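> One structure, pasted below without further comment.
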Amino acid sequence: GAGVSQSPRYKVAKRGQDVALRCDPISGHVSLFWYQQALGQGPEFLTYFQNEAQLDKSGLPSDRFFAERPEGSVSTLKIQRTQQEDSAVYLCASSFSSSTDTQYFGPGTRLTVL
Amino acid sequence: GNSVTQMEGPVTLSEEAFLTINCTYTATGYPSLFWYVQYPGEGLQLLLKATKADDKGSNKGFEATYRKETTSFHLEKGSVQVSDSAVYFCALSVSSGGSNYKLTFGKGTLLTVNP
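Sequence order for the protein chains is F and D. In this text, residue positions in the first sequence follow the working numbering: the first is 7, and each later residue adds one. In this text, residue positions in the second sequence follow the working numbering: the first is 2, and each later residue adds one.
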């Protein structure tokens, strides 16, 4: 079946531009996660949704980062006024429930801010 | 806080060699432990996991044992193949409010297996 998909796969933005990154989770998955992976590092947690509710946004690095999942399915991560330090791969993952279920990762969106 | 330390790469081996990638952790609470693998051009995939002390996770010939006394979860494979070339990430999650969801990752170890 279809896995987690993300779009675009690559995004180049000029410093100060706003960007929106999309995640389509596996159908029926309740939980959705966003992670940020800087070059040469492991992924770092950004935020977690259970259905449409954002239950944890403790990893969002600044108020320029905003995530939503209005209908409990597709999610969008928005970054306002991008900075060079925002350059990273943004990973989305989903899982069937909110407990210890395996997280299935998408291929990521590579964001480069010039 | 929670953290994961894994051996620096890159690791280069010949086919059929024995593989060990070391992973140690610190955690507030009782963690579940994971190894994820990222093949070239693909997303992260769960390789194996263990949820309590002395559990052994295994998959595709890879094994790792949850060692609470040494806070370790080393990844091993007896005979690697070229197709095992990938980046391997050790990770943990700690239960919070009844949910175990926030993964904390190590930096990853690049493995290259030559024929």
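Glycine included, C-beta positions come from ideal geometry on N, C-alpha and C. Being a predicted model, the structure only gives us computed values, none of them experimental.
#1: Do Ala73(F) and Leu83(F) come within 7 Å of each other at the CB atom, strictly closer than that value?
#2: Between the Cα of Thr52(D) and those of Glu43(D), Tyr67(D), Ser59(D), Pro41(D), spot the shortest distance and give me the residue it belongs to.
#3: DSSP three-state label for Asp107(F), please.
#4: Using a C-beta cutoff of 7 Å, does Gly58(D) count as contacting chain F?
#5: Taking CB distances under 7 Å as the criterion, tell me whether Phe51(F) reaches chain D.
#6: What residues of chain F sit near Phe106(D), judged by a beta carbon separation below 7 Å?
#7: Under 7 Å between the Cβ atoms of Gly114(F) and Leu97(F)?
#8: With a CB to CB cut of under 6 Å and the five nearest residues on each side skipped, what residues in its chain are close to Phe71(F)?
#9: Looking at Ser93(F) and Val36(F), is the spacing between their C-beta atoms short of 7 Å?
#10: Determine the chain F residues that contact Glu9(D) at a beta-carbon separation under 9 Å, and present them in chain order.
#11: Buried or exposed for Phe63(D), going by 16 or more other Cβ atoms inside 10 Å?
#12: Could you run through the region 30–44 of chain F and flag, in chain order, every residue whose CB is less than 9 Å away from some CB of chain D?
#13: Just confirm the distance between the C-beta atoms of Phe35(D) and Ala87(D), as a whole number of angstroms; I'd bet it's less than 8 Å.
#14: Suppose the cutoff is 8 Å on Cβ atoms and the five residues either side in sequence are ignored; what does the same chain contact list for Thr113(D) look like?
On the basis of the supplied data:
#1: Translated into positions along the first sequence, residue 83(F) becomes position 77. Translated into positions along the first sequence, residue 73(F) becomes position 67. Annotated as proximal: Leu83(F) and Ala73(F), with beta-carbon spacing under 7 Å.
#2: On the second sequence, residue 52(D) is found 51 positions in, with the first residue counted as 1. Out of Glu43(D), Tyr67(D), Ser59(D), Pro41(D), Tyr67(D) has the C-alpha closest to the C-alpha of Thr52(D).
#3: Stepping through the first sequence from its first residue, residue 107(F) is reached at position 101. Shown here, Asp107(F) sits in coil according to DSSP, grouped into three states, outside any helix or strand.
#4: For the purposes of this step, residue 58(D) is taken as the residue at position 57 of the second sequence. No, Gly58(D) lies away from the interface with chain F (no Cβ there is under 7 Å from its Cβ).
#5: Locating residue 51(F) in the first sequence gives position 45, where the first residue counts as 1. Residue contact check for Phe51(F) against chain D: a CB pair falls below 7 Å.
#6: Here residue 106(D) refers to the residue found at position 105 of the second sequence. Those within 7 Å of Phe106(D) in chain F are Gly48, Pro49.
#7: What you label residue 114(F) is simply residue 108 of the first sequence in a count that begins at 1. What you label residue 97(F) is simply residue 91 of the first sequence in a count that begins at 1. Result yes, Cβ atoms of Gly114(F) and Leu97(F) sit closer than 7 Å.
#8: Against the first sequence, residue 71(F) aligns to sequence position 65. Ile85.
#9: Along the first sequence, read from residue 1 onward, the residue named residue 36(F) stands at position 30. Along the first sequence, read from residue 1 onward, the residue named residue 93(F) stands at position 87. 7 Å or more divides the Cβ of Val36(F) from the Cβ of Ser93(F).
#10: Locating residue 9(D) in the second sequence gives position 8, where the first residue counts as 1. Result: empty, since nearest Cβ-Cβ is about 11 Å, beyond 9 Å.
#11: Against the second sequence, residue 63(D) aligns to sequence position 62. By the 10 Å Cβ count, Phe63(D) comes out buried.
#12: Within the region 30–44 of chain F, the residues whose Cβ lies closer than 9 Å to any Cβ of chain D are, in chain order, Ser37, Phe39, Tyr41, Gln43.
#13: Position 34 of the second sequence, counting from 1, holds the residue named residue 35(D). Position 86 of the second sequence, counting from 1, holds the residue named residue 87(D). Contact flag wrong, Cβ pair sits at about 15 Å.
#14: Residue 113(D) sits at position 112 when you count from the first residue of the second sequence. Excluding the 5 residues flanking it on each side, Thr113(D) has same chain C-beta neighbours closer than 8 Å at Pro11, Val12, Thr13, Leu14, Ser86, in chain order.
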